[in-house]
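Protein sequence lines correspond, in order, to chains S and B. For the record, in the first sequence the residue sitting at position 330 is 330 according to the numbering used here, with numbers rising by one throughout. To convert, count from 1 in the second sequence and add 1000; that's the numbering used here. Here a beta-carbon is modelled for each residue, glycine too, at the ideal position from N, C-alpha and C. The model shown is predicted, which means the values in this text are computed figures rather than measured ones. What follows is a set of notes on a single structure, which appears directly below.
There are 2 protein chains.
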Amino acid sequence: MDRRKFLAVGATAAAAPLAAPSIAKAQTTFNWKMTNAYGPGSPFYVEGPGSPTDFCKKVTAMSDGRINIQHFAAGELIPALEGFDAVRSGAVEMNAANAYFWAGKLPAAQYFTTVPFGLNFQGMNAWLYHAGGMELWDELYAPLGLKALPMGNTGVQMTGWFRKPIESVADFKDLKMRIPGLAGKVYAALGVDVKLLPGGEIFPALERGVIDAAEFVGPYQDRRLGLQNAAKYYYTTGWHEPSNVTELLINQAKWDSLPADLQAIVQTAAMACNLESHTWCEANNAAALKDLVENSGVIANVLPDEVVAELKTVTDKVLAEGAAADPATKKVHDAFMAFKAEHQSWAAISEKPYHNLPG
Amino acid sequence: MDRRKFLAVGATAAAAPLAAPSIAKAQTTFNWKMTNAYGPGSPFYVEGPGSPTDFCKKVTAMSDGRINIQHFAAGELIPALEGFDAVRSGAVEMNAANAYFWAGKLPAAQYFTTVPFGLNFQGMNAWLYHAGGMELWDELYAPLGLKALPMGNTGVQMTGWFRKPIESVADFKDLKMRIPGLAGKVYAALGVDVKLLPGGEIFPALERGVIDAAEFVGPYQDRRLGLQNAAKYYYTTGWHEPSNVTELLINQAKWDSLPADLQAIVQTAAMACNLESHTWCEANNAAALKDLVENSGVIANVLPDEVVAELKTVTDKVLAEGAAADPATKKVHDAFMAFKAEHQSWAAISEKPYHNLPG
């Protein structure tokens, strides 16, 4: 669909010259819907700079209204985790979520959200944009008539909230914990009873004791869910999610119907939101964590080194098993790990020494 | 200037309905010029994903040709460092460079490129986009009829190239070194004879012995200049430039003449390029450094801790003196340092432990 063709058609059909431009404009308007796995008002996932609703605003502004995307938070049009099927069927054109929610259908999709002990924000985007990651994502989704773009990233996440301190991996045993993705499989191997709950259901489950522990994002987002009122032990490091990609899922046939300029607008807006959303977390997490510790009695701690070392051993095993069980996963896994080794050799002499500079 | 007004005028003037859309389009086209402080073919600064020429392509694609920006590398229209005056006078609409090149006119501008022992990519963008940095940049440039947007970032840079090893700060004494920005003042305080040369002049100066040492960017960009053929000692850490912002400088009156949709396109393209250019460096530096070491006899080393500690002491002194000498610098300095303290308290429990995770 070429916008200039539309313009020509609009002009030919116009009775009076004055009406031509507005008719042409009306014919080139796309009214789309975007659903979201996260609930109304969620900071980063729904609201705020670089969020999915901000993405919709940017696209409307850049296209001067030629593409309008109506946003529906979880539950406003469909339930939280039904976006994949809704986009696939064409019921909606777009969905915002994380690809690891589709692990049941496509295990390899998990690598396009986050990998335990994997890549941070910079490494993940270097892999996706410039080292073959996007091509593998396209290859995985194309047979399903889907296309994905990264449109956000939380950066390093917090390990999560626990009712009791974690002193050894034995403390994970029989814990009921909300934790999605590959990290969930690592915890399961250590005896955790893993639950996959959407963000909006975490607080009531933790408060009522349906779960004993929960991972969500980081201080800024977690505080809004009120998790500090249901558990007090809050751990770092982000071994489980060193970064976390927000997925913009698009129906491929609808995408193909967009003229090239609107495709460029959508792609560029998603890339801008990727940076803007991430740096918004970076700007707000310090103050949020300070507030949680000072005003809500939260006990923030680093996971003991021995616990992290055991988590790494189990992660290697879980990832190897997943790759062995599914050729598509193996292909993505091997590419991811090759890039990780390369990127870490650079990070070891750039970002790592930066963090060790005198303050 | 409202695009719809233009469209209406175009339509009224059209003799035949068929011609109306193309006349309307012709009247809303902006043909702009962008100059650049870096020479033809420079990776990241001129060519490649997220570079200034890529920015121009993105803007043309998104606007469907309603704004076309003709790019001129250094020397193609004006010399390397004359972009500030060219944009100010309106001779060109845009310039790509680094704000620290304008230190002679506006000392505070240096803080919008990089600060020794300052903020990395994530912190710098968190400050600029979400913690008041852009507002301060606007305040500094507005009286000059200028507007700036960040449009790229190298990430952590390499300390640079030296003909002899650096074992103590005494080895800096009487060294003739190419080094711009605030780090140049730190080296000067340690007895370095500081030279400000554009990128394209570094290799001939280093090869002919006009300078003994040079800082440029990182492995990928430095290799293209051939610096490995003129000096063999290549140091990290990036104490001097923990990140480095590419500045898109815009003539404010020309900016004000753009309709809102084209302003949104320019802003979003700059933000997307900020991420894309940075992650391109991240994706390519490891292989470039390996190649330099294995095939060009480069000796890559970390600066000794005692040297870094002394550099920090001198940096604190130099920054304090600069702030005391200029109220505009003091205002920016104080805001930058307040945010740095806050951001580092978050980085200390997120990115820093990430880099210490078992590989």
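Straight-line gap, residue i to residue j (C-alpha atoms, nearest Å)
i, j, result
"B:V1308", "S:N356", "11 Å"
"S:Y235", "S:I166", "9 Å"
"S:P198", "S:S42", "12 Å"
"S:A324", "S:D334", "11 Å"
"B:H1278", "S:Y141", "27 Å"
"B:F1030", "S:P180", "49 Å"
"S:D54", "S:D138", "25 Å"
"S:M337", "B:G1322", "46 Å"
"S:G297", "S:A205", "20 Å"
"B:S1257", "B:I1250", "12 Å"
"B:E1351", "S:L106", "29 Å"
"S:P49", "S:G226", "22 Å"
"S:R104", "B:G1160", "Per the sequence shown, residue 104 of chain S should be read as Gly rather than Arg. S:G104 and B:G1160: Cα-Cα distance of roughly 49 Å."
"S:F101", "S:Y129", "22 Å"
"B:S1051", "B:M1158", "20 Å"
"S:F339", "S:V115", "13 Å"
"S:C93", "B:T1313", "Inspection of the sequence shows that residue 93 of chain S is occupied by Glu rather than by Cys. Answer to the nearest angstrom: the Cα atoms are 56 Å apart."
"B:E1294", "S:A131", "22 Å"
"B:P1358", "S:T28", "53 Å"
"S:Y38", "B:D1064", "34 Å"
"S:K317", "S:E310", "11 Å"
"B:L1196", "S:W280", "35 Å"
"B:R1224", "B:L1190", "30 Å"
"S:Q122", "B:E1342", "21 Å"
"B:E1276", "B:F1216", "20 Å"
"S:L146", "S:D326", "20 Å"
"B:R1208", "S:A348", "33 Å"
"S:A91", "S:K57", "21 Å"
"B:I1299", "B:A1320", "35 Å"
"S:Q70", "B:K1290", "48 Å"
Cβ pair residue i, residue j closer than 8 Å
i, j, result
"B:Y1354", "S:V156", "yes"
"S:R163", "S:A231", "yes"
"B:M1124", "B:N1153", "yes"
"S:A61", "B:D1261", "yes"
"B:L1292", "B:P1219", "yes"
"B:A1074", "B:N1098", "no"
"S:E282", "B:A1253", "no"
"S:N120", "S:P242", "yes"
"B:K1176", "B:D1212", "yes"
"B:W1239", "B:F1084", "no"
"S:A272", "S:V59", "no"
"S:V361", "S:T329", "Since the first and last residues shown for chain S are 1 and 359, residue 361 of chain S lies out of range."
"B:A1108", "B:L1248", "no"
"S:T113", "S:N274", "no"
"B:W1032", "B:I1067", "yes"
"S:N301", "S:Y233", "yes"
"S:E306", "S:S168", "yes"
"S:V332", "S:L136", "yes"
"B:P1150", "B:T1246", "yes"
Cross-strand partners of residue i (DSSP beta bridge)
i, result
"S:L249", "S:N95, S:A148"
"S:W32", "S:I69"
"S:A231", "Its beta-bridge partners do not exist; DSSP assigns none."
"S:T236", "S:V302"
"B:P1043", "B:E1047"
"S:A213", "S:F162, S:M177"
beta-carbon residue i near the ligand MG non-hydrogen atom, thresh 7 Å
i, result
"B:A1086", "By its list of ligands, the structure shown contains no ligand whatsoever, and the ligand MG lies outside what it can speak to."
Rounded Cβ spacing between residue i and residue j (contact assumed at less than 8 Å)
i, j, result
"B:D1171", "B:D1193", "B:D1171 to B:D1193, Cβ: 14 Å. No contact."
"S:G200", "S:A80", "7 Å"
"B:A1286", "S:S345", "5 Å"
"S:M34", "S:F72", "7 Å"
"S:Q110", "S:L182", "5 Å"
"S:I202", "S:A214", "5 Å"
"S:E76", "S:P40", "7 Å"
* Asked: Which full runs of the alpha helix (DSSP H) of 4+ residues lie inside the stretch 131-209 of chain S, going along the chain?
  -> 133-141, 181-189, 202-207
* **Unbroken stretches of the beta strand (DSSP E), 3 residues or longer, contained in the stretch 283-325 of chain S** => List check, beta strand (DSSP E) in window: 299-302.
* Asked: Hey, which unbroken runs of the alpha helix (DSSP H) at 4 residues or more fall wholly within the stretch 329-357 of chain S?
  -> 351-355
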